[in-house]
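Just so you know, the sequence shown maps onto residues 1 to 717 in our numbering.
Here a beta-carbon is modelled for each residue, glycine too, at the ideal position from N, C-alpha and C.
Keep in mind the model is a prediction, meaning the values are calculated, not measured.
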Amino acid sequence: METPNNNISSVAVKMQNDGGSHATGSGGAPTGPPYRLKKSSRLYIYSVISTVFYVVIYCSYQLVIASYENYDKIKVNLGRPWFPFSLLGSQGVDMSDLQWYYFIVALPPFVPFALGYLLLTRRARLRACRTYLPLDPPAAAAAERAPSPTFGEAAGASAETPARHLLVCRNVAGLQLLHLGVGLLIGFAVSGPPALFALLLVTLNYYVIAPLYRRTRSFALSMGIMWVTHVALLFANNYYSGYAFAYFGLPFLDSLFPILIQWTTQYNMSVLRMIAFNNDYWENLDYTVFGGAVSLAEKRARVISKHRRTCVPCALIREKQGQLYHTAATSLGDGGQNHFNASAGGLVEQQKEGLLCYKCRTECPRPLQEYQSLLSYLAYVYYPPLFMAGPMISYNAYVSYCHHPQESANRKHDYTKYGGRVVRSAVVLCVFMHYIHITAMMLTDQNRPAEEQNTIVRAARGNTKSPTTSTTTTTTTWLPDSAASRKPQIYELLTLPQKSIFILYSLGFLWLKFDVIWKSFRFFAMLDGIDPPEDMRRCFSNTVTIRDFWRDWHASFNLWIVRYMYIPMGGNRRKLLSIFPIFFFIAIWHDIEMRLLHWAVFICAAFIPEVLISQWFTTTKMPLIVRIRRNIRLYQLLRVIACVTEMTLLVFANIIGFTIGSRGFGENGLANFFSEITLIFLVLYLNFFFFSAILAVQDRDQEAYDNYCYKQKFGLQ
């Protein structure tokens, strides 16, 4: 969310000038603008200076020294430094991380390929003619017969279907055929003929799993069969290592040409899309086939109305498009005839769809015909910009963006600004890889002769078989725990301060790498008119709770979890019970390894107390707690202390699951690490996390304040 501009409103400007009074009601809940620590305050400035000192000067310096001291041992895993780093003292670039290696290698041919693809999709959109689809079946609309719309006949609809039951669309078959063709080309280019196994499983989902709800008329039974099937397939894919054509007498297809990435990696992303399609389709059946409480048209109208009244992102889009929106709404006129009024009203409503946010597009079901199209389904699963790594997008939103791309009054400015963010993160990562060799120290065995060290990376880049490590979207790209923990690695030779900084920076590298990769693919999709949710919304250390960390790290996956797992399992009514299956699925979806199951158990053990304590602290009417909530300074201090605790738990959870594994601290595990802790180290550690927590809490308070100001400006509820 962006910071409010200077013309936010006279009320908001006044609140910004006086610092934002934090009025409270009888229960201690805020009734005025949320409190936030002003950026001109001494505490905020000191926190920023201290954090910059610890990160940029002390921590980075320690790891640069460690990289230089161990250069002779890790140099076989380093490449030649790039220009201009070769002139600035860099001894080599660390390219031993597979995901980053593949991304860099694919970048030169990808750029012209992407430009050609965007030109073709733009032409396909321009050639797509307007059409109309009925929102409700004729039986549901029979009570309100009206003359056919004057703008053209509705595709697949009765001539007497009332205009308000029609959805203005585009004939996007050509566009989706292009999406499917290019997506399949990418899949076969990186995975070879075995990509056919993924295509087969995706097609079977459409013909076997998707129709279940219509056949059984039991949502719970259909959901159970779907989840058991897809989870079982994840285990089967892992057990059989992605299968082989040799099973069917076609062994030559297994080694026809080098395989860069196993098809099972892409298939894990496809699983999320298949489940999303099934759920969106089944939701549509409730309104169109099974006779729900409201019709599909009424459901869409309610969702759009709710977002008009309450949604800040929708209001920001309308503000940017204010002039265009006004022109579209007034150019139709009333025509002087009732049937023209009805048609015009329907048309204006659909022209507004280009001004809806992602969440609104997801919540608005599509016409039944669009769920019965195999082309639309396959195009969604294989949509090229998001096919390899995401971000995740719902089926409803994908189809909506195909018909009505995200509108922008100043596209050049928006695209330049976001592209600049991607380039900035990429530059920081390049500097990181040239001077701090995290992955090389992680991979290099301190006891193996130097001439044999590069066999690890060569094996990982070797190519007809699966790589040494998975290149999934969010898991580690280093050696699995079972391999990495058996032999002492270079990082185990570091001193305690260096080792602790190494652990923190390993998470930082993971965050920065995915920040570049995910934002690059999202930028590609934005240029194509599709605006998926943004992953990595904040720095990995900018977190207050475990829930906030997950919301910000893989934000699109979190939205998927909420819509397709959390809500169907009961939502807030069964919050605690849903935590275990959710994190179990997250673990096995990333990779079926014990370290990830350990991570899931660790997260659940920390998450449940967080939920219970947070819920009790914010709802209890105990006089002492109410007084604490009303005391802004004390309440903020408690939040900072809780934030330090949560950050510590998250560091240990994520290094177990996504970096060095549960036994990666050495032969004796965590006990060996804790035995080296000194008082000075503990003070420095708590000092760094304390100031980071102050900035994280201030960032949340500032966001709440900005959101309040936006609602005041746009008159939202």
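Q | Backbone CA spacing between threonine 131 and aspartate 528 [nearest angstrom] | A | 21 Å
Q. Using a Cβ-Cβ cut-off of 7 Å (strictly less than) and excluding sequence neighbours within five positions of valine 697, which residues of its own chain qualify?
A. Val544, Gln636, Arg639, Val640 and Cys643
**Q.** Neighbourhood of alanine 29 by C-beta, 7 Å cutoff - its chain only, sequence neighbours within 5 removed
**A.** Caution applies to alanine 29, whose pLDDT of 45 falls short of 50 and renders its modelled position unreliable; the value that the coordinates give is listed next. Nothing listed; no residue qualifies.
(Q) Can you check which of these residues, Ser692, Leu316 and Pro533, is closest to lysine 711 by C-alpha distance? (A) Leu316
Q.
Under DSSP, the beta strand (DSSP E) around arginine 573 begins and ends at which residues?
A. Note, arginine 573: premise wrong, no beta strand (DSSP E); not H, not E.
Q. For glutamine 369, does the three-state DSSP call read helix, strand or coil?
A. helix
Q | the region 565-580 touching the region 590-599, judged by at least three CB pairs closer than 8 Å | A | no
Q.
For tryptophan 553 and leucine 272, which I take to be in contact (beta-carbon distance under 8 Å), what is that distance rounded to the nearest angstrom?
A. That pair is no contact at about 16 Å.
Q. Glycine 174 and phenylalanine 257: beta carbons closer than 7 Å?
A. no
Q: Please determine if the region 273-283 and the region 240-252 are in contact, where contact requires at least 3 C-beta pairs separated by less than 8 Å.
A: no
Q) Is the distance from the Cβ of phenylalanine 557 to the Cβ of methionine 388 below 7 Å? A) no
Q: Go through its chain and collect everything with a Cβ distance to leucine 185's Cβ below 7 Å, but skip five positions before and after it.
A: none
Q) Could you give the residue range of the beta strand (DSSP E) that holds tyrosine 132? A) 130-134
**Q.** Stretch-stretch touch, CB-based, cutoff 8 Å, three pairs: the region 50-62 with the region 77-87
**A.** no
Q: Work out the CA separation of aspartate 72 and threonine 474 for me, nearest whole Å.
A: Low confidence applies here, because threonine 474 scores a pLDDT of 43, under 50, leaving its location unreliable; read the following figure in that light. Going from the Cα of threonine 474 to the Cα of aspartate 72 covers about 31 Å.
Q: Could you name the residues of the same chain whose beta carbon sits closer than 8 Å to that of arginine 309, not counting the 5 residues immediately before and after it, in chain order?
A: Leu716 and Gln717
Q: Would you mind stating whether leucine 429 and leucine 512 have Cβ atoms separated by less than 7 Å?
A: yes
Q.
Between arginine 125 and proline 532, how many whole angstroms is the CB-CB distance? I'm expecting something under 8 Å.
A. Not quite, the Cβ-Cβ distance comes to about 18 Å (not below 8 Å), so this is no contact.
Q | Completely contained alpha helix (DSSP H) runs for the region 376-416, where each covers 4 or more residues | A | 384-387 and 395-403
Q) Who are the near neighbours of glutamate 676 in its chain, counting only those whose CB is closer than 6 Å to its CB and skipping five residues on each side? A) Leu496
Q: Tell me whether arginine 170 sits in a helix, a strand or coil according to DSSP, three-state version.
A: strand
Q: Out of Gly89, Ser67 and Tyr401, point me to the one whose CA is closest to tyrosine 505's CA.
A: Ser67
Q.
So for valine 427, helix, strand or coil by DSSP?
A. helix
Q. Should valine 190 go down as buried or exposed, given a rule of 16 or more other Cβ atoms within 10 Å for buried?
A. buried
Q | aspartate 552 in three-state terms, based on DSSP | A | helix
Q. I think isoleucine 655 touches isoleucine 503, with their Cβ atoms under 8 Å apart; what is that distance to the nearest whole Å?
A. 5 Å
Q: Kindly list the residues whose CB is nearer than 8 Å to the CB of tryptophan 550, restricted to its own chain and excluding five residues on each side of it in sequence; keep chain order.
A: Asn558
Q | Backbone secondary structure at glutamine 702 - three-state DSSP | A | helix
Q: With hydrogens ignored, establish whether the beta-carbon of arginine 563 is closer than 6 Å to any heavy atom of the ligand PLP.
A: This structure lacks the ligand PLP, and indeed carries no ligand of any kind.
Q. Are asparagine 284 and tyrosine 371 close, meaning C-beta to C-beta below 7 Å?
A. yes
Q | Assumed close pair cysteine 360, isoleucine 304 - CB separation to whole angstroms, cut-off 8 Å | A | 7 Å
Q) How should methionine 647 be labelled, buried or exposed, when 16 other C-beta atoms within 10 angstroms of its C-beta is the threshold for buried? A) buried
(Q) Quick check on DSSP: helix, strand or coil for aspartate 531? (A) coil
Q. Considering only the beta carbon of each residue, do isoleucine 546 and glutamate 610 sit closer than 7 Å?
A. yes
Q.
So glycine 420 and phenylalanine 523 are supposed to be a Cβ contact under 8 Å. How far apart are they, rounded?
A. Not confirmed; about 10 Å, so no contact.
**Q.** C-beta contact flag for alanine 198 and asparagine 278 at 7 Å
**A.** no
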